[in-house]
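**Q** I'd like to ask you about the structure that follows.
There are 2 protein chains.
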Amino acid sequence: MEHFADRLIKCIRSKRSSAVAGLDPHWAQIPERIKSDAISRHGRTLAAGAAAVTKYLTGIVDAVASHVGVVKAQIAFYERFGPHGLEAYRRVCEHARARDLIVIGDVKRSDIGSTAAAYADAHLGKIEIGGETLEAFPVDAVTVNAFLGSDGVQPFIDAAAKNGKGIFVLVRTSNPSAAELQDLRAGGEPVFLRLARHVARWAEPHCGREGYSCVGAVMGATFPEGAKNVRKIIPRSFILAPGYGAQGAHAADLKPFFNEDGLGAIVNSSRAILFAYRRPEYRDRFGPAAWQRAAEQAVIDMNEELRAAGCQPQTKPEGA
Amino acid sequence: MEHFADRLIKCIRSKRSSAVAGLDPHWAQIPERIKSDAISRHGRTLAAGAAAVTKYLTGIVDAVASHVGVVKAQIAFYERFGPHGLEAYRRVCEHARARDLIVIGDVKRSDIGSTAAAYADAHLGKIEIGGETLEAFPVDAVTVNAFLGSDGVQPFIDAAAKNGKGIFVLVRTSNPSAAELQDLRAGGEPVFLRLARHVARWAEPHCGREGYSCVGAVMGATFPEGAKNVRKIIPRSFILAPGYGAQGAHAADLKPFFNEDGLGAIVNSSRAILFAYRRPEYRDRFGPAAWQRAAEQAVIDMNEELRAAGCQPQTKPEGA
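These protein sequences, in sequence, are chains A and B.
Position 188 (the first sequence) corresponds to 199 in our numbering; numbering is contiguous.
Position 236 (the second sequence) corresponds to 247 in our numbering; numbering is contiguous.
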């Protein structure tokens with residue numbers, strides 16, 4: 012079984028891309044045509060919502076799959092549709108994996124030991140029923156909220172290490188109120204740096220052939236001044252940096268998230284890719300119905316921006 | 012529309028109980044007979060797992076409904092069965108609401124603003140599809156992890172206030188590693204007290220007729236020394252205290268969680284009620300197959316213990 016970080020690095024190199032395409036189905040922004048088709052088949056039901064989401068998101072996966080190695084599905088936008096929505100999440104993730112993409116489930120789960128273990132089973136592990144081993148949600152990695160401390164995180168690390176999967180622990184988020192708790196000074200440094208030191212400790216025993224761990228961190232792309240310190244504390248961890256594009260971070264902000272080798276970070280953009288067809292620059296060029304072509308071009312453009320800013324591996328892609 | 016806290020207080024008084032029965036389906040502890048029945052109908056599938064969980068948990072709800080006003084479903088144990096498991100969660104919650112119980116979804120969700128709003132829609136709100144207003148998960152309140160700060164919590168507060176529902180914000184959890192972040196000293200006091208001050212601020216504008224807010228807190232029952240301080244900081248909030256029974260807290264530990272009026276706290280016990288049929292004291296008395304009778308008796312005994320320790324409202328039940 013290949014180590015998660017080795018597989019991640021292979022994907023980044025083969026696509027020459029540190030970008031992550033976010034698969035977050037904001038209902039209001041899905042094309043009306045897709046929604047009305049789903050409603051005509053399923054009525055005005057949560058099943059119709061889930062069907063529209065599945066249709067749009069699998070189409071986006073197909074559009075971007077040649078240009079990125081990683082996608083991230085924000086489960087909240089699927090949970091809105093109840094159990095049907097979770098089935099849509101499962102299908103979208105399965106579709107992305109069938110295209111050889113690494114799938115991150117952005118679930119930000121947290122709980123105490125035995126309950127965290129149940130979440131880890133659901134999202135990174137297996138469950139046995141009558142001797143049959145089954146997978147609940149087919150993803151390669153999840154995000155984890157570590158507010159409950161080590162014993163709430165350890166079950167996720169154990170499941171990841173056992174199954175060739177990964178976790179990304181929230182260290183410093185990109186939202187305006189993040190500072191309220193994450194930047195409190197405790198023992199001479201902000202809480203998020205204390206947390207980064209925990210991540211370093213959790214990451215160390217779980218490194219792959221390339222020297223990177225299956226335990227990574229989440230750090231908002233809108234907070235480059237914090238990234239320099241965190242980067243030094245967790246040299247062996249990948250940083251998942253959300254907030255590119257719609258949330259205001261630019262390629263130049265991202266450099267401090269990367270190591271010298273051009274690895275160690277992946278940069279997520281959700282709405283700016285997913286709903287590129289609504290942005291004037293792409294709508295004017297491709298027309299208002301070309302949502303797949305617009306998403307593809309948005310990812311190509313993001314790759315260019317990241318490369319121009321030096322945010323990509325320095326080694327050549329495998330096979331080049 | 013009745014305020015969440017008023018409805019909660021009415022339930023506590025009418026059952027003369029501050030207890031919460033936890034509905035956490037640990038697979039290994041569900042009776043073999045129920046599991047094999049489900050497998051014979053659904054095969055060795057996640058659907059079989061979900062069917063067994065639904066059967067057992069709705070049976071437990073029926074067994075305890077006369078003795079408690081509140082149940083708490085830990086969603087992690089349902090997520091293990093994938094989308095089928097979430098359908099089981101939905102059904103168990105719906106069943107409990109049909110028995111006039113208040114249902115707390117223990118989901119510990121957290122995210123930044125727009126994503127937190129999607130979670131709030133899913134778990135406390137409604138979603139509109141083609142003009143139809145639909146409910147994804149039928150619960151009355153959820154637990155929330157506030158590590159991301161106010162803008163990650165506000166969407167939950169807004170949805171709760173709008174829909175007559177409630178939230179319980181994690182302040183200090185009951186697990187051994189909770190201290191790593193929650194007890195860090197920042198500005199002269201531990202992080203969890205800082206967090207309690209935020210809860211007080213969030214709770215204040217949202218009080219019902221009885222003076223209690225729809226914004227509550229979660230505070231592990233195993234940490235009574237912290238409860239005294241938190242109780243003073245958030246006089247208008249209900250404290251949900253998990254950890255009674257299996258996690259080691261006793262009725263005498265719970266007194267500091269309550270206000271002078273005998274209100275302000277609800278005490279959760281999960282495994283000790285749910286799987287009482289496995290405990291020698293009940294197995295010997297009722298036989299190994301009487302899982303409903305054992306759960307009922309465990310809840311009756313817990314009520315007695317809490318009442319004996321003064322953990323119940325001092326006013327008489329309505330209609331008495």
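Just so you know, even glycine gets a beta-carbon here, dropped at the ideal spot from N, CA and C.
Given the structure is predicted, the values throughout are model-derived calculations rather than measurements.
#1: Quick check: the region 74-89 of chain B against the region 40-48 of chain B, are at least 3 beta-carbon pairs closer than 8 Å?
#2: Considering Cα atoms alone, identify which of A:Arg-296, A:Asp-35, A:Gln-40 and A:Ala-39 is closest to A:Val-72.
#3: Evaluate B:Lys-243 with the Cβ neighbour count: other Cβ atoms within 10 Å of its Cβ, from every protein chain shown; 16 or more gives buried, anything less gives exposed.
#4: Could you name the residues of the same chain whose beta carbon sits closer than 6 Å to that of B:Ala-171, not counting the 5 residues immediately before and after it, in chain order?
#5: Which chain B residues sit within Cβ distance under 9 Å of A:Ser-248?
#6: Against chain B, does A:Val-202 count as a neighbour if the rule is that its beta carbon must be under 8 Å from one of theirs?
#7: Pick helix, strand or coil for A:Ile-45, following the three-state DSSP scheme.
#8: With a threshold of 16 other CB atoms inside 10 Å of the CB of A:Glu-307, please say whether the residue is buried or exposed.
#9: Establish whether the CB of A:Glu-143 and some CB of chain B are separated by less than 8 Å.
#10: Report yes if the CB atom of A:Arg-247 is closer than 8 Å to the CB atom of A:Glu-215, and no otherwise.
#11: What is the rounded straight-line gap between the Cα of A:Val-153 and the Cα of B:Ile-168?
#12: Whole angstroms are fine: how far does the CA of B:Ala-305 sit from the CA of B:Phe-297?
#13: Check the Cβ of B:Asn-156 against every Cβ in chain A and list those closer than 7 Å, keeping chain order.
#14: Counting contacts by CB-CB distance shorter than 8 Å, is A:Thr-233 in contact with chain B?
#15: Give the straight-line distance between the Cα atoms of B:Lys-266 and B:Cys-322, rounded to the nearest whole angstrom.
#16: Note the first and the last residue of the continuous alpha helix (DSSP H) segment covering B:Ile-244.
#17: Assuming contact is defined by CB atoms lying nearer than 8 Å, are A:Ser-121 and B:Asn-156 in contact in what I supplied?
#18: Distance cutoff 8 Å, beta carbons only. Does B:Ile-71 sit that close to anything in chain A?
#19: Interface residues of chain A around B:Asn-314 at Cβ under 7 Å?
#20: With 8 Å set as the bound, which would you pick, yes or no: does the beta-carbon of B:Tyr-67 sit closer than that to a beta-carbon of chain A?
#21: So the beta strand (DSSP E) B:Thr-69 belongs to, where does it begin and stop?
#22: Using a 10 Å radius around the Cβ and a threshold of 16 neighbouring Cβ atoms, would you call B:Ala-300 buried or exposed?
#23: Quick check: what's the CA-CA separation for A:Thr-184 versus A:Arg-24?
#24: Whose C-alpha, out of A:Ala-232, A:His-37, A:His-106 and A:Ile-113, is nearest the C-alpha of A:Phe-92?
#25: Measure the C-alpha to C-alpha separation of B:Thr-69 and A:Ala-133 and round it to an integer number of angstroms.
#26: Excluding five sequence neighbours on each side, which residues of the same chain lie with their C-beta closer than 6 Å to the C-beta of A:Ala-207?
#27: Hey, how far is the Cα of B:Leu-97 from the Cα of A:Ala-319?
#28: Anything in chain A within Cβ reach of B:Arg-196, meaning under 9 Å, just list it in chain order.
#29: Straight-line CA distance for B:Lys-66 to A:Ala-127?
#30: Comparing alpha-carbon positions, which option in A:Ala-107, A:Gln-40 and A:Tyr-223 lies nearest A:Gly-273?
#31: Once the 5 residues before and after B:Glu-139 are set aside, which same chain residues still bring their CB inside 8 Å of it?
#32: When DSSP builds the beta bridges, which residues end up paired with B:Gln-85?
#33: What separation, rounded to the nearest whole angstrom, lies between the Cα atoms of A:Glu-221 and A:Phe-15?
#34: Within 10 Å of its beta-carbon, does A:Glu-329 have 16 or more other beta-carbons around it, so buried, or fewer, so exposed?
#35: Below 7 Å CB to CB, which residues in the same chain sit around B:Ile-20 once its five sequence neighbours on both sides are set aside?
#36: Along the region 161-195 of chain B, where does the CB come closer than 9 Å to a CB of chain A? Name the residues.
**A** Put simply:
#1: The region 40-48 of chain B makes no contact with the region 74-89 of chain B; the number of CB pairs closer than 8 Å stays below 3.
#2: One-based indexing of the first sequence puts residue 72 of chain A at position 61. Sorting A:Arg-296, A:Asp-35, A:Gln-40 and A:Ala-39 by C-alpha distance to the C-alpha of A:Val-72 places A:Asp-35 at the top.
#3: Sequence index remark: in the second sequence, residue 243 of chain B carries index 232 (1-based). Around the Cβ of B:Lys-243, a 10 Å sphere holds fewer than 16 other Cβ atoms; the residue is exposed.
#4: For the purposes of this step, residue 171 of chain B is taken as residue 160 along the second sequence, with counting starting at 1. In the same chain as B:Ala-171, and ignoring 5 residues on each side of it, the C-beta atoms closer than 6 Å to its own belong to Leu-135, Gly-177, Ile-178 and Cys-225, in chain order.
#5: Stepping through the first sequence from its first residue, residue 248 of chain A is reached at position 237. None at all; the shortest Cβ gap to chain B is about 18 Å.
#6: Position 191 of the first sequence, counting from 1, holds the residue named residue 202 of chain A. Yes, A:Val-202 counts as interfacial toward chain B.
#7: Taking the first sequence and counting its residues from 1, one reaches residue 45 of chain A at position 34. The DSSP-derived three-state label of A:Ile-45 is helix.
#8: Within the first sequence, residue 307 of chain A is the residue found at index 296, counting from 1. Buried.
#9: Within the first sequence, the letter at position 132 stands for residue 143 of chain A. True, the Cβ-Cβ gap to chain B drops below 8 Å.
#10: Residue mapping note: residue 247 of chain A aligns to position 236 of the first sequence, counting from 1. Residue mapping note: residue 215 of chain A aligns to position 204 of the first sequence, counting from 1. Contact flag set, yes.
#11: For this step, residue 153 of chain A is matched to residue 142 along the first sequence. For this step, residue 168 of chain B is matched to residue 157 along the second sequence. Counting only the Cα atoms, B:Ile-168 lies some 26 Å from A:Val-153.
#12: Within the second sequence, numbered from 1, the residue matching residue 297 of chain B stands at position 286. Within the second sequence, numbered from 1, the residue matching residue 305 of chain B stands at position 294. Approximately 7 Å, taken between the alpha carbons.
#13: The sequence position of residue 156 of chain B within the second sequence is 145, counting from 1. Close to B:Asn-156, with beta-carbon spacing below 7 Å, are these residues of chain A in chain order: Ser-121, Asn-156 and Phe-158.
#14: Numbered from 1 along the first sequence, position 222 holds the residue referred to as residue 233 of chain A. Judged by the 8 Å Cβ criterion, A:Thr-233 is not in contact with chain B.
#15: Along the second sequence, one-based indexing puts residue 266 of chain B at 255. Along the second sequence, one-based indexing puts residue 322 of chain B at 311. When rounded, the distance between both Cα atoms is 6 Å.
#16: Taking the first residue of the second sequence as 1, we reach residue 244 of chain B at position 233. Following the DSSP letters along the chain, one finds B:Ile-244 inside the alpha helix (DSSP H) bounded by residues 235-244.
#17: Against the first sequence, residue 121 of chain A aligns to sequence position 110. Against the second sequence, residue 156 of chain B aligns to sequence position 145. With a cutoff of 8 Å on beta-carbon distance, A:Ser-121 and B:Asn-156 are scored as near each other.
#18: Indexing the second sequence from 1 puts residue 71 of chain B at position 60. Chain A, which has no Cβ nearer than 8 Å to the Cβ of B:Ile-71, makes this no.
#19: To locate residue 314 of chain B, count along the second sequence from 1; it is residue 303. Result: empty, since nearest Cβ-Cβ is about 25 Å, beyond 7 Å.
#20: Reading the second sequence from its first residue, position 56 is the one you call residue 67 of chain B. Interface criterion not met: the Cβ of B:Tyr-67 is under 8 Å from no Cβ in chain A.
#21: Residue numbering aside, residue 69 of chain B sits at position 58 when the second sequence is read from its first letter. Unbroken run through B:Thr-69 is the alpha helix (DSSP H), 57-75; no beta strand (DSSP E).
#22: Translated into positions along the second sequence, residue 300 of chain B becomes position 289. Counting the other Cβ atoms within 10 Å of the Cβ of B:Ala-300 gives fewer than 16, which makes it exposed.
#23: Here residue 184 of chain A refers to the residue found at position 173 when the first sequence is read from its first residue. Here residue 24 of chain A refers to the residue found at position 13 when the first sequence is read from its first residue. Answer to the nearest angstrom: the Cα atoms are 27 Å apart.
#24: On the first sequence, residue 92 of chain A is found 81 positions in, with the first residue counted as 1. A:Phe-92 has its Cα closest to that of A:His-37, out of A:Ala-232, A:His-37, A:His-106 and A:Ile-113.
#25: Counting from 1 along the second sequence, the entry for residue 69 of chain B is found at position 58. Counting from 1 along the first sequence, the entry for residue 133 of chain A is found at position 122. Roughly 22 Å separates the two Cα atoms.
#26: Taking the first residue of the first sequence as position 1, residue 207 of chain A is located at position 196. If we look at A:Ala-207 and ignore the five residues flanking it on each side, its Cβ neighbours are Val-182, Val-241, Ile-244 and Ile-245.
#27: Locating residue 97 of chain B in the second sequence gives position 86, where the first residue counts as 1. Locating residue 319 of chain A in the first sequence gives position 308, where the first residue counts as 1. Approximately 44 Å, taken between the alpha carbons.
#28: Within the second sequence, residue 196 of chain B is the residue found at index 185, counting from 1. Chain A residues near B:Arg-196: Ala-197 and Gly-198.
#29: Stepping through the second sequence from its first residue, residue 66 of chain B is reached at position 55. Stepping through the first sequence from its first residue, residue 127 of chain A is reached at position 116. For B:Lys-66 and A:Ala-127, the distance between alpha carbons rounds to 24 Å.
#30: Start at 1 with the first residue of the first sequence, and residue 273 of chain A comes out as number 262. Cα-wise, what sits closest to A:Gly-273 is A:Tyr-223.
#31: By one-based count along the second sequence, residue 139 of chain B stands at place 128. These residues qualify, in order along the chain: Leu-145.
#32: Here residue 85 of chain B refers to the residue found at position 74 when the second sequence is read from its first residue. Here B:Gln-85 is bridged, per DSSP, to B:Asp-117.
#33: Mapped onto the first sequence, residue 221 of chain A falls at position 210. Mapped onto the first sequence, residue 15 of chain A falls at position 4. Rounded to whole angstroms, the separation of the alpha carbons of A:Phe-15 and A:Glu-221 is 11 Å.
#34: Along the first sequence, one-based indexing puts residue 329 of chain A at 318. Confidence is the limiting factor: at A:Glu-329 the pLDDT is only 47, short of 50, which leaves the residue's position unreliable, though a coordinate-based value still follows. Classification for A:Glu-329: exposed.
#35: If you number the second sequence from 1, residue 20 of chain B lands on position 9. Apart from sequence neighbours up to five positions away, the residues of its chain that approach B:Ile-20 with a beta-carbon distance below 7 Å are Glu-221, Tyr-223 and Leu-274, ordered along the chain.
#36: Correct list: Ser-161, Asp-162, Gly-163, Val-164, Gln-165, Leu-181, Thr-184, Ser-185, Asn-186, Pro-187, Ser-188, Ala-189, Ala-190, Glu-191, Leu-192, Gln-193 and Leu-195.
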